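First to last, the protein sequences are chains A and B.
Be aware that the first sequence starts at 0, since it is given in numbering that gives the first Met the number 0, and climbs by one per residue.
Be aware that the second sequence starts at 0, since it is given in numbering that gives the first Met the number 0, and climbs by one per residue.
Beta carbons: idealized from backbone N, C-alpha and C, even for Gly.
Note that this is a predicted model, so its numbers are computed, not measured.
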Amino acid sequence: MSDQSTQAPHTVARVPRNPAANEEAYLEVTDLQVQFPTADGLVRAVQGLSYSVPLRRTLAIVGESGSGKSVSSMAVMGLHDRKVARISGSIKVGGREIVNMSDKELEGYRGGDAAMIFQDPQSSLHPYFTIGDQITESYRAHNNVSKRKAKDRAIEMLGRVGIPNPRRRVDQYPHEFSGGMRQRAMIAMALVNDPKLLIADEPTTALDVTVQAQILDLISDLQRDFGSAVVFITHDLGVVAEIADDILVMYAGTAVEHGPVNKILGEPLHPYAWGLLESIPALTGEPQPLHPIPGSPPSLLAVPTGCPFHPRCEFKDRVPGDLCTTLKPDLIPRTADLGRTSRCHLKEPDQVFQTEILPRLP
Amino acid sequence: MLLYILKRVLSAISVVIVTLVASFALFFLAPTDPAGVICGPRCTPERLADIEDSLNLDEPAVSQIASYMKGIVVGREYNTGGTVRECSAPCLGYSYTLGQPVTKLLAAALPVTVSIVVGGAVVYLLVGILTGTIAAQVRGTSLDKLVVGSTLIVQSIPYFVFALLVALYATFLPDSGYHPFLDNPLTWASGLLAAWLCVGLTNAAAYTRYSRASMIEALGQDFVRTAASKGISRRRVVYRHGLRAGLTPVVTIFGIDLAFQLTGAIFTESIFNLPGLGQLTLRAFGQYDLPVLMGGVLVGSVVLVVMNLVVDIAYTFLDPRVRLG
């Protein structure tokens, strides 16, 4: 984050911490669809999402509320009630298929190979059980150990995530912890079984800024030590620049842009990603009016035909014919760089960005 | 905590005293005539005066309540027809019509009422919470609608009608009547079975609805989702994490309900012929039997304030965030 004070986020020159993504994927999501039948109709929360994350890498999923980022991650954790949600496609974790897994197998998978850190530690920890109780429950669900051993493990984990005096803290209730400490305890709980896949759903949103930085550092450190694959859900581009290797930008239940973090933040190719960058307030120079993206995200009950972003897109006139309103673009490479894909009909989006968007950015 | 309990007990005692004084005042404000009732239709003025004298009814109401209070704390003496009867503390006086000490009458009636109410509570808590929890898990299905519908039907029937129907048509149940528990627990239970089912099933409807609503809320909480993400069984998620949170509000309602049922089991006692507190006070009411009425009021107010205190203290054990002080 140190170079951010002198450079705008879109030009963050970030040295990737990890080698390039030609390793074998640990998490592989292919054509994932999540739908909820409701009284008002079918809610298409996730429509054909595909991505993969190898061990030791972090993928940030970015998007507005209702873009499907949390719903898709809940599906990866197998947390959807299958009486309510219709899930199709494929989710492979360490070679195992999660979609259509039996309830019994899912229990062994959840919290073991894959664990999740939730958004608001205040409401995500049970108010009536001690921190130690909640961590040991997780540990004992996957390891056949005595209560005493499990408690030792809980104390060890609390110390590991930087909670001072863990031997005393382990018997306290969540309300006796501060917000940041609660999130640390939550992380300790998620990591107690050494999961190879960690999903963090906006883990810093409910925390104040100084604590946010500490928690991000903690997650990065732990990821390095545990060697896990991390999916990091956020809508904070500053957090993305800090922690991610790759970015997946989601809009209306689909991925609209996918690629390495420095490329996407440095030169995004999708008008929605441009809008995201333009809506970041400038902290230096003359105060400028903000440029929010016009309109609001579409209802997932009635997703627009063609490109789901076209009603809000200022570039749709540049595309010949009515391609934008009739044909949903594919998520494919749009420039010479094959490592990044985007879902937009616009020709030479890199040129458009360099000549029209970049000068407008603060 | 101890200081808190002490404060609460002191305020509880003042509530009970105010209730007693108010009941006394109401009794004398109303056109009551206890001596006339005892004396009967062919009553001479001399005999009436005699009775009034022996019951101390000729004294001013203020001095009567003073001696009543004194009797509770240190005991008092009664002067009837030349003989002196010692009534040791806590003395609640003698029944005008039955001639027995009120403490003895209450001691006989209280176990009956407690047996009815506690046995009924076991039935409605078990049935209500279990059905409510199951209904919450299958919310929106036809089973859930069936449960909600039947609770509505049961709750729409006036309680005394329900109790009468049970008494008249559920003849396969053992005859009801009260037999002390210590004599023979089996006959005790069989004599109370009809009353328990009656109290239990009618209240189970309400408790099904409370627990269903409470569980639906609890199961939607973030911490239940966290529990599910740990990889523990669905049963454990629902019954350990969900029920623990969902039951807390139900416990509050239960404490207050229990107090009201202890003081208001009149219908059940009358219909199933069980000589409990309700029957005792109802009879006293018709005969202007002031000491028995006052005894009923005393027990009722004590039960209410004690149950309130118990609920508050229970809350600190149920919810670690609550601290008394």
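- When secondary structure is reduced to three states using DSSP, A/Q46 falls in the strand class.
- What B/D174 touches in chain A, judged by beta-carbon distance under 8 angstroms, is nothing: the nearest beta carbon there is about 45 angstroms away.
- Taking 7 angstroms as the upper bound on Cβ-Cβ separation, chain A lies near no residue of the region 122-145 of chain B.
- For chain A, the residues of the region 218-245 of chain B that bring a beta carbon within less than 9 angstroms of one of its beta carbons are Q220, D221, F222, V223, R224, T225, A226, A227, S228, K229, G230, I231, S232, R233, R235, R239, H240, R243 and A244, in chain order.
- Looking at A/T334, A/R359 and A/A251, the one whose alpha-carbon comes closest to that of A/H309 is A/A251.
- With a beta-carbon spacing of about 6 angstroms, A/P297 and A/P307 fall inside the 8 angstroms limit used to define contacts.
- Pairwise C-beta distances place the region 123-131 of chain B in contact with the region 201-215 of chain B, as three or more of them are shorter than 8 angstroms.
- Taking a Cβ-Cβ threshold of 8 angstroms, the residues of chain A close to B/D318 are P126 and Y127, in chain order.
- Counting only the Cα atoms, A/E256 lies some 20 angstroms from A/I198.
- Along the region 38-51 of chain A, none of the residues has a CB nearer than 9 angstroms to a CB of chain B.
- Residue burial is scored here from C-beta neighbours: B/Y168 has fewer than 16 other C-beta atoms within 10 angstroms and is therefore classed as exposed.
- The C-beta distance from A/C323 to A/G305 rounds to 5 angstroms, short enough to fall under 8 angstroms.
- A residue is called buried when at least 16 other Cβ atoms come within 10 angstroms of its Cβ; B/F316 does not meet this threshold and is exposed.
- According to the DSSP assignment, A/D216 belongs to the alpha helix (DSSP H) that extends over V208 to F225.
- Taking 7 angstroms as the cut-off, the Cβ atoms of A/V45 and A/S71 count as close.
- Check the Cα spacing between B/I231 and each of A/S227, A/S51, A/T37 and A/A114: the tightest is with A/A114.
- If you draw a straight line from the Cα of A/E96 to the Cα of A/K346, it is about 38 angstroms long.
- In this chain, the beta strand (DSSP E) harbouring A/I116 covers A113 to I116.
- In the DSSP assignment, A/Y250 falls within the unbroken beta strand (DSSP E) covering D245 to Y250.
- Per DSSP, the beta bridge partners of A/I331 are A/S341.
- The beta carbon of B/V137 lies closer than 7 angstroms to those of D143 in the same chain, with the five residues before and after it left out.
- Between A/M156 and chain B, the shortest Cβ-Cβ separation is not below 7 angstroms.
- The continuous beta strand (DSSP E) containing B/E85 extends over residues T82 to C86.
- Counting only residues of its own chain and dropping the five nearest sequence neighbours on each side, A/S87 has a CB closer than 6 angstroms to the CB of Q32.
- Taking all protein chains shown into account, B/F23 has 16 or more neighbouring C-beta atoms within 10 Å of its C-beta and is therefore buried.
- In this chain, the beta strand (DSSP E) harbouring A/G258 covers T253 to P259.
- Contact between the region 105-123 of chain A and the region 47-64 of chain A is not established, with fewer than three Cβ pairs separated by less than 8 angstroms.
- Residue burial annotation: A/R183 is buried, with at least 16 other C-beta atoms found within 10 angstroms of its C-beta.
- Around A/M76, the beta-carbon contacts reaching into chain B at under 8 angstroms are S228.
- Note that the C-beta distance between B/G263 and B/L91 is not below 7 angstroms.
- Nearest Cα to A/T233 within the set A/E201, A/S227 and A/G226: A/E201.
- Residues of chain B whose Cβ lies closer than 9 angstroms to the Cβ of A/Y172 are, in chain order, P319 and R320.
- A/E27 sits in a strand when the DSSP states are folded into three classes.
- Per the DSSP secondary-structure output, A/P53 pairs in a beta bridge with A/A24.
- The region 52-116 of chain B contains, as complete alpha helix (DSSP H) runs of 4+ residues, the segments 60-73 (chain order).
- In this structure B/L276 is not in contact with B/A60, their Cβ atoms being roughly 25 angstroms apart against a cut-off of 8 angstroms.
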